[in-house]
Every structure is written in structure tokens, then in C-alpha cells.
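**Student:** Counting from 44, one number per residue, gives the positions in the sequence shown under our numbering. Glycine is no exception: its CB is placed at the ideal position from the N, C-alpha and C atoms. Note that the structure is predicted; figures quoted are calculated from it, not measured. Structure in C-alpha cells, see below.
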Amino acid sequence: IPDIIEAYSGADVFFMPSYAENFILVILEALSCGLPVVARGIPEFREIFGNGVQFFNTKEEALSLLSDDGSLRQMSSGARTFTEKYDIRRVASMHYDLYRRLIEK
């Protein structure tokens, strides 16, 4: 896809049905574009995304979450806020501070 932001902008929701994953960049990308995310409730997702994502364990739960327009709108409004802690400037500053403290010891 030449323009991933354009692709995300054309969507209403991001759905992640995976049973096993490591840290998922695509979920952060979707959240940073303001998309509500509905993902399988696997431990990896719950640990990383906590309340920033809606989780499901059954097909019925997934369908219910995907059809709840009010909940999807609410998730969309908080999506970008969730990703702010992963902003490259913030992460770089945190690393800089950590290295500075380690050197001072």
C-alpha cells in the first residue's frame, strides 16, 4: 500500500482477530489514525493496549463490539491520545534521560 495513512483513513474500524502476536505496530498505526480497534483478548494485546482497545473472546462478542456505533465513536475519540505515549520524541527523551542517569552513576 503506497499510502498507509490514506488506507487507514478510509476505514471505520480496525479489527485484529489474531490468536498470537508480538508487539503489534499495525494496532498503533490504526490508533494513531484515530481508528477504534477491536482485537482478540489475548494476553499480549491486553498487556500492551489495556483500555485503549476493545477486546473480544468469542465471535458473538466481536460482532457486538463491531456493531456498537456509540462505543466505536467513543473509542475513536480516545485513540490518538492513547498513542501519544509512543511518540518518537517522547520515547527518545525517555531514553536520553535514562542514559544520562546511568552515566551519572
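Within its chain, find whatever has a CB closer than 7 angstroms to the CB of residue 54; leave out the 5 residues flanking it on each side and keep chain order.
**Tutor:** If we look at residue 54 and ignore the five residues flanking it on each side, its Cβ neighbours are 78.
**Student:** Using the Cβ count rule (16 or more neighbours within 10 Å means buried), how would you classify residue 106?
**Tutor:** Classification of residue 106: exposed, given that the 10 Å Cβ count is below 16.
**Student:** So the candidates are 128, 147 and 60; which of them puts its Cα closest to the Cα of residue 103?
**Tutor:** Closest option to residue 103, Cα to Cα, is 60.
**Student:** Exposed or buried, which one is residue 70 when buried takes at least 16 other CB atoms within 10 Å?
**Tutor:** With 16 or more Cβ atoms within 10 Å of its Cβ, residue 70 is classed as buried.
**Student:** For a quick check, are the C-beta atoms of residue 84 and residue 125 less than 7 angstroms apart?
**Tutor:** Not a contact, by the Cβ cut-off of 7 angstroms.
**Student:** What three-state label does DSSP hand residue 82 in the structure shown?
**Tutor:** If DSSP states are grouped into helix, strand and coil, residue 82 belongs with the strands.
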